[in-house]
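Peer 1:
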Ligand code: PEP
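In our numbering, the protein residues as written are -6 to 243.
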């Protein structure tokens, strides 16, 4: 069975204890009619996971981390393992976000190891891929995404994996690709997934679009072929905006 579309919120390095009120607001807005159609996920900073879990569990909202180490335990000061995220109530983790690829030089091999760790820990990795502005201008968008998918998706992947296409130049900029550009990359990514994982798993994996998704543009983006949801940054911080994006499916 193909899973519900996924609307995932990445809070990044935003949110203090008081922000749990926003999670509670989201819970109140996530009504059964919406629950029946889409899966809602928030990825707050690690400091808020345990507190958020008390709210999200009751509200049927999934919880995720924004990053994980590729090992389970050990001498890695400041790091958090996928097993720890699961222990705090997470069922997802974002890996390979472009901000981590850029700021911490994370490679496809490292993203692959993190995705594998997530699967071993029993949580679902959301593997982010996407080209820079320079790569798109050079006509390399499809080949960059293809390489990232090939190198960062574990071979033993199942439909538990989620892939997010996030063009780097669209993140936090208010600029989005054209609908044709999104559809082209998603069609190519789908073909890649089918080739790598076989037609069944390749078809079931949810392919999210991410990059400046807002209540104003969500409906048109989310109805494109092979777009199975969205990864949302800025617009996920306000419950009202985030739920408006999810309601694009109603
Ligand atoms: C993101 O960081 O994954 C993202 C898509 O951010 P924004 O929605 O703010 O562009």
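We put the beta carbon where it would ideally sit given N, CA and C, even for glycine.
Who are residue 199's beta bridge partners in DSSP?
Peer 2: 155
Peer 1: Near residue 213, which residues of its chain fall below 7 Å by C-beta distance, leaving aside the five closest residues on each side in sequence?
Peer 2: Leaving aside the five residues that flank residue 213 on each side, the residues in its chain whose CB is nearer than 7 Å to its CB run, in chain order, 172.
Peer 1: Considering only residues of the same chain and omitting the five flanking positions on each side of residue 153, which have a CB-CB separation below 6 Å?
Peer 2: 117
Peer 1: Run the proximity test for residue 5: is its beta-carbon closer than 7 Å to any non-hydrogen atom belonging to the ligand PEP?
Peer 2: yes
Peer 1: Pull the bridge partners of residue 226 from the DSSP assignment, please.
Peer 2: According to DSSP, residue 226 bridges with nothing at all.
Peer 1: The alpha helix (DSSP H) with residue 139 in it runs from where to where?
Peer 2: 134 to 145
Peer 1: Ordered along the chain, which non-local residues of its own chain (more than five positions away) have a Cβ less than 8 Å from that of residue 63?
Peer 2: 103, 106, 107, 109, 110
Peer 1: For the ligand PEP, any of its heavy atoms closer than 7 Å to the Cβ of residue 164?
Peer 2: yes
Peer 1: Should the region 220 to 235 be called in touch with the region 189 to 206, which here means at least 3 C-beta pairs below 8 Å?
Peer 2: Short answer: they touch.
Peer 1: To the nearest whole angstrom, what separates the beta carbons of residue 211 and residue 238, a pair I think is in contact under 8 Å?
Peer 2: 4 Å
Peer 1: Is the region 78 to 87 touching the region 125 to 140 in the sense that three or more CB pairs, one from each, lie closer than 8 Å?
Peer 2: no
Peer 1: Is any heavy atom of the ligand PEP found at a distance shorter than 7 Å from the C-beta of residue 159?
Peer 2: yes
Peer 1: How far does the beta strand (DSSP E) with residue 33 in it extend, from its first residue to its last?
Peer 2: 32 to 36
Peer 1: Three or more C-beta pairs under 8 Å: does that hold for the region 0 to 16 against the region 33 to 42?
Peer 2: yes
Peer 1: How is the alpha helix (DSSP H) around residue 16 delimited, first residue to last?
Peer 2: 13 to 22
Peer 1: Going straight from the alpha carbon of residue 18 to that of residue 43, what length do you get?
Peer 2: 17 Å
Peer 1: Span of the beta strand (DSSP E) holding residue 2?
Peer 2: -1 to 3
Peer 1: Figure out for me which residue from 184, 189, 23, 45 has the closest Cα to the Cα of residue 148.
Peer 2: Per the C-alpha coordinates, the member of 184, 189, 23, 45 positioned closest to residue 148 is 189.
Peer 1: How far does the beta strand (DSSP E) with residue 118 in it extend, from its first residue to its last?
Peer 2: 117 to 122
Peer 1: Under the assumption that residue 181 contacts residue 138 (Cβ atoms under 8 Å), give the Cβ distance between them as a whole number of angstroms.
Peer 2: 7 Å
Peer 1: Could you tell me which residues DSSP pairs with residue 27 in its beta bridges?
Peer 2: Paired residues: none, contrary to the question.
Peer 1: Should residue 41 and residue 49 be called a contact, given that it needs their Cβ atoms to be closer than 8 Å?
Peer 2: no
Peer 1: Can you check whether the CB of residue 23 is closer than 8 Å to the CB of residue 245?
Peer 2: The chain is shown only over -6 to 243; residue 245 falls outside these bounds and no answer can be derived.
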